[in-house]
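What follows is a short report on a single structure.
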Amino acid sequence: MSLVAIGAGVAALAGIGAGIGIGKATSSAVDAIARQPEAAGKIRSNLVLGCALAEATAVYGFVIGVLIIFMVK
């Protein structure tokens, strides 16, 4: 049973990675918009797409963690 908990914990690390990635992307986007305000629309659309992909990774990690906990017998 302890290996199941370790596996679920490792799968949950995807959420931490996604949070760090979204934070760095947002920071870079804000810096880019501050340097070139006229490009804010393009930067914002790319930021939203990147954040959605990073968040999907976190959701996949969460789902895998839940499956590991409840499906292992």
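Going by the UniProt record's numbering, the sequence shown opens with residue 1, and the numbers climb by one from there.
Don't be surprised by glycine CBs; every beta carbon is placed ideally from N, CA and C.
Span of the alpha helix (DSSP H), counted from its first residue to its last, around residue i
| i | result |
| --- | --- |
| E55 | A40 to M71 |
Inter-residue CB distance, residue i and residue j (contact presumed, cutoff 8 Å)
| i | j | result |
| --- | --- | --- |
| G50 | A11 | Incorrect: roughly 22 Å between the Cβ atoms, too far for contact. |
| T57 | A8 | With 8 Å as the limit, T57 and A8 do not qualify as a contact, their Cβ atoms being about 16 Å apart. |
| G21 | A52 | 12 Å between Cβ atoms; not a contact. |
| G23 | F62 | Wrong, their Cβ atoms sit about 18 Å apart, outside the cutoff. |
| A25 | I33 | Contact flag wrong, Cβ pair sits at about 12 Å. |
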